[in-house]
Amino acid sequence: MVNKNTVCFLFSGIITISLILPFPLYSANRFNPAFLSDSPEAVTDLSYFEAGNSIKPGDYPLDIIFNNEYLRNENIHFISHNKNVIPCLNKVFLQSLGINTKLITNFDVKSEKECIDISDSIPDTSVNYDIEKQALKIQVPQAALDLQARGYIPPEKWDNGITAGLLNYSFSGANNWGNSHNNSYYLNLRSGINIGAWRLRDYSTWNSSNGKNQWDHINTYLQRNIVSLRSQLKVGDSYTSSTLFDSINFRGISLESDDTMLPDSQRGFAPVVRGIASGNAKVVIRQNGYVIYQTFVSPGAFEIRDLYPTSNSGDLYVSVEENDGSKHDYIVPYSAVPILQREGQKKFVIQAGEVRQDNQNKKPRFIQGHLIYGLPYDSTLYGGALITSDYQSYALGVGQNMGTLGAFSTDITFAHSQLPDNSTSEGYSLRFLYAKSLNQFGTNFQLLGYRYSTSGFYTLDETLNTRMSGYLNENNQEVPSRYFNLNNRKKGSLQVNLSQQLSDYGSIFMTTNWQNYWETNEKNVLFQAGYNGNVKGLSYNIIYGYNRMMNSGERDQTLSLGISIPLQLLMPSSYQSTNSAYLTYNYSHNDNGYSAHNTGVAGTLFEDNTLNYSVQQGYSNQGGSYTGNAALGYQSRYGNLNVGYNYNKEIQQLNYSIAGGVLLHSEGLTLSQPLSSNAILVDARKTANVPIDNATGIYTDWRGFAVIPYATAYRQNKVALDTTSLPDNVEIEQNIQQVIPTQGAVIKVNFDAKTGYRLLLTLKQQGRPLPFGAIATDKQNHLSGIVGDDGLLYLSGVPRSGVLDIRWGNNTSEYCKINYKLPENQQDEPFVKMTQECQ
């Protein structure tokens, strides 16, 4: 073990140097080296630092602290300038901080790489190097900032990533026995290839039920960013923009603005799907005829927040399939919030191709486009067109920010349609959108959409149904169809979301979706309202749901109550655990008189909370049926595993799922958790089984590779290893790195892990310790250190043998070197201690 006095000498030397070096040394007030030693020859030549320098010229990885806020870690080049050493800050670097470089006049504007001293041009500006924290601290007054560029990251720093192959997979299955022997399986495959800025993606699904198999190829497309236009180019299968017109599936080309490239932009959203399960149930979500999501839920209220829709809008058809065979369906529509843009900012879409809707025989070619432009006084003007040979539609609208009164947009759409019976029709559709947040009251109100359409208005999707009822064919016979009834055209629709925070007493929410049709009194209605509360960790909720579908006419009302109690509340105050555990209770009741009670326990296990579990027992009043379920989920570095068992009086079911990603790169193949749009490949060879900071269940594999399956495009993403888990003989110099991926990129981050020994070396020359402050370097192995008191030198990552060059002045007599070899009897010790004579 290391001697306590040795460690004290080591750190006292380091602290002494850190205290001395930052202060300017003037000839009139010169520090006397005799304070370090009685012999001047035992102290290194400090004349270089007498000019006030605290660092030598070169490149150094430093934390950038701008106006007291940490921004990133970056290599900074230091140069000699007028006998001083200063950081070289060029125009691109300053612009990345949001500094208005037009105020800087003392540099050649033609040179982007010229070093700039901003303190000469901008008053009250300072640039300081903090040797102790290894940070560059920059202070710039607010008046010198380009406010529009706050948070701006120059495209030169965007990383298109490495060449890689990707596969995202999700497989789930359920096996029933008892009164039902139905087996069902679902496979979701998303694959792709990245080459430079290009991304090739493919999406396919497979369904199997009772031996009937069905493969669905949903889309294939090629995509890349167009930096100069701040947009995305996509060629292949896609969906048209739903900003002004209903989204349709097509094959062709698309050029669309990408707001994520802009500073502080807001990304699009996917809706939260809420519902209530009476018992153990399977939830299936379909969009455009395809199953896009499937999961198993426990009794009570549920929320699905990780939905990955196949398009940026469109109705979601939700089916809750209970174990007893009952099923209830409802629709979750969603729309964009009011269309507003900042002054001078624009968004555009240009799309052309061939319609490829699944339920139509006609596949006409079309062109669609729209432009949204921000005007002065917080107003926005927008318009667009959608044109095919048999259908033309034009839209025009305006949006306005009314300050404390909220924001709205309204537009009118005209459509000229040629119907399947060759008749023509014309009509209008008026839409009004409104949103208002009362933050001071915790209220968020959105009239997500009110639309009124005249009887002659049709969407393109409706006119493409070549098999529809409501008209006569050439034989004077009405043509039936399961796809669309010509007489049931949308008339009015209303979507309302309301949420209210009740201070410490929880929150309430209400969601309403209402749609009526021409030529019928039937309507679709979905209403959900609920209350959520929390007291000292104890959470509870009560939710009411009402659903009515036009086609079936069935009405479904459900009431649910849920309570969750942390077990830690029932434990002694001294009890501490990193795992969570909860007692749960759920009650549900519907208008058919069915009531169910479920109680259980759920929580997480393992130090990193990668294993979750739940056990529940239930009872229903109809038939005196008992139900139960148990589930386990494990989040590993190679993927996510889930298995569950549930039963009732009639059937038993085993359900299971596995989801993960496969990344193929130049160094081989690495398995991961499910991949999102962006991913980060960590290359930290020689560091097996080391966890990644702030990434649950992600560790380096046996080769030292790991995949962080999520990253934010066009934003800084911090990547770090948990160095406390590194072996004693492994060290990483720069453990925190920042990456800025483009959309769809896979970024490779290299951590240079030095495998070696920790060495405490006492250096002597002619029997006397080497001078305090001497610099020791091993150029071959990139090692360096400073000699402390009594000739003591500490180095990490040291190989078993090597050569050290040691210098404490500019004269040839102030230099020596040693050839060292670590003794075999100490190679298993945390520190190797040696004494060497310097030659």
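695 is the number of the first residue of the sequence shown in the numbering used here; add one for each residue after it.
Yeah, the Cβ is synthetic: ideal placement off N, Cα and C, and Gly gets one too.
Please name the residue, chosen from the options, that lies closest to residue i on a Cα-to-Cα basis.
i, options, result
"I856", "I970, Y1281 and S1360", "S1360"
"Y1488", "Q1474, S1111, Y1451 and G1091", "Y1451"
"L1080", "S1111, M1096, A975 and G1068", "S1111"
"S936", "L1154, S1193 and V1337", "L1154"
"N1273", "Y1288, N1280 and L1305", "L1305"
"Q1194", "S1187, I1202 and L1188", "I1202"
"Y865", "R1249, N1280, L883 and G1461", "Rather than Tyr, the amino acid found at residue 865 in this sequence is Phe. Of the listed residues, the one whose Cα sits closest to F865 is L883."
"S922", "G946, P848 and R893", "P848"
"I1430", "D753, L765 and I1033", "L765"
"N1504", "I1512, A1468 and Q988", "A1468"
"Q917", "S902, K1511, W892 and D931", "W892"
"I825", "R895, Y754 and S815", "Y754"
"Y1048", "F1042, S1083 and A1407", "At residue 1048 the sequence reads Glu, which differs from the Tyr that was named. Among F1042, S1083 and A1407, the Cα nearest to that of E1048 is on S1083."
"G973", "I1402, K827, N1292 and I1426", "N1292"
"S885", "Q1428, L1357 and M1528", "L1357"
"N943", "Y1276, R1059 and Q1189", "R1059"
"P1114", "N1423, Y1152 and V1337", "Y1152"
Do you know how far the Cα of residue j is from the Cα of residue i?
i, j, result
"F1445", "A1046", "45 Å"
"S1254", "T1278", "13 Å"
"W1208", "T1381", "57 Å"
"P1260", "A1296", "9 Å"
"Q1459", "V1526", "20 Å"
"L1220", "S1013", "14 Å"
"H775", "D1302", "50 Å"
"A1373", "T954", "16 Å"
"A1447", "A1290", "57 Å"
"G1391", "L861", "19 Å"
"Y1011", "F787", "49 Å"
"S1103", "Y1328", "46 Å"
"D1250", "D1285", "7 Å"
"N1159", "N854", "42 Å"
"Y1320", "G1362", "51 Å"
"A975", "P1368", "24 Å"
"F717", "E1518", "Unreliable positioning characterises F717 in this predicted model, as indicated by a pLDDT of 38, which lies under 50. The coordinate reading is nonetheless provided below. Approximately 43 Å between the Cα atoms of the pair."
"N869", "E1344", "14 Å"
"Q1094", "L1034", "7 Å"
"L1420", "A1439", "29 Å"
"Q675", "E763", "Residue 675 cannot be examined here, being either before or after the span of the chain that is shown, 695 to 1533."
"S1029", "W900", "The pLDDT assigned to S1029 is 43, lower than 50, so where the model puts this residue is not dependable; a value taken from the coordinates is nonetheless given after this. Going from the Cα of S1029 to the Cα of W900 covers about 29 Å."
"T1436", "S941", "26 Å"
"G1186", "H1064", "24 Å"
"I947", "S925", "13 Å"
"P817", "L956", "30 Å"
"V873", "E1016", "Residue 873 is actually Asn in this sequence, not Val. For N873 and E1016, the distance between alpha carbons rounds to 14 Å."
"F1399", "A1405", "17 Å"
What do you reckon, are the CB atoms on residue i and residue j nearer than 8 Å?
i, j, result
"L1464", "V1481", "yes"
"K851", "S790", "yes"
"R1494", "L1516", "yes"
"D1416", "D1395", "no"
"N1241", "Y1024", "yes"
"A1129", "G1091", "no"
"G1579", "Y915", "Shown here, the chain extends from 695 to 1533; a query on residue 1579 therefore has no answer."
"R1559", "G1068", "The structure shown does not extend to residue 1559, since the chain is modelled only from 695 through 1533, so no value can be given for it."
"Q1316", "Y1288", "yes"
Leaving out five residues on either side along the sequence, give the residues of the same chain with a beta carbon under 6 Å from the beta carbon of residue i.
i, result
"Y1234", "G1227 and I1257"
"G1108", "Per the sequence presented here, residue 1108 reads as Phe, with Gly not at that position. Around F1108: Y1088 and Y1122."
"G1239", "I970, Q1222 and T1252"
"E768", "I758"
"V1492", "G1450, Y1451 and L1453"
Grab me the residues of residue i's own chain with a C-beta within less than 8 Å of its C-beta, minus the 5 sequence neighbours each way, in chain order.
i, result
"T1004", "For T1004, the predicted structure reports a pLDDT of 45, less than 50, and the residue's modelled location is therefore unreliable. The matter cannot be settled from this model."
"N761", "I832, Q833 and V834"
"I1512", "L1457, V1497, L1498, I1500, Q1530, E1531, C1532 and Q1533"
Between which residues of its own chain and residue i is the CB-CB distance below 7 Å, once the five residues before and five after are set aside?
i, result
"G693", "Nothing can be reported for residue 693, as the shown portion of the chain is limited to 695 through 1533."
"E1523", "none"
"G1294", "T1278, S1308, V1309, Q1310 and Q1311"
"A829", "L756, D757 and I759"
Report the residue ranges of all alpha helix (DSSP H) runs contained in full by the region 1228-1272; include only those spanning at least 4 residues, in chain order.
none
Those runs of the beta strand (DSSP E) which lie wholly inside the region 879-938 and span at least 3 residues:
892-903, 906-920 and 925-933
In chain order, what are the residue ranges of uninterrupted beta strand (DSSP E) at least 3 long that sit wholly in the region 1484-1517?
1486-1492, 1495-1501 and 1509-1515
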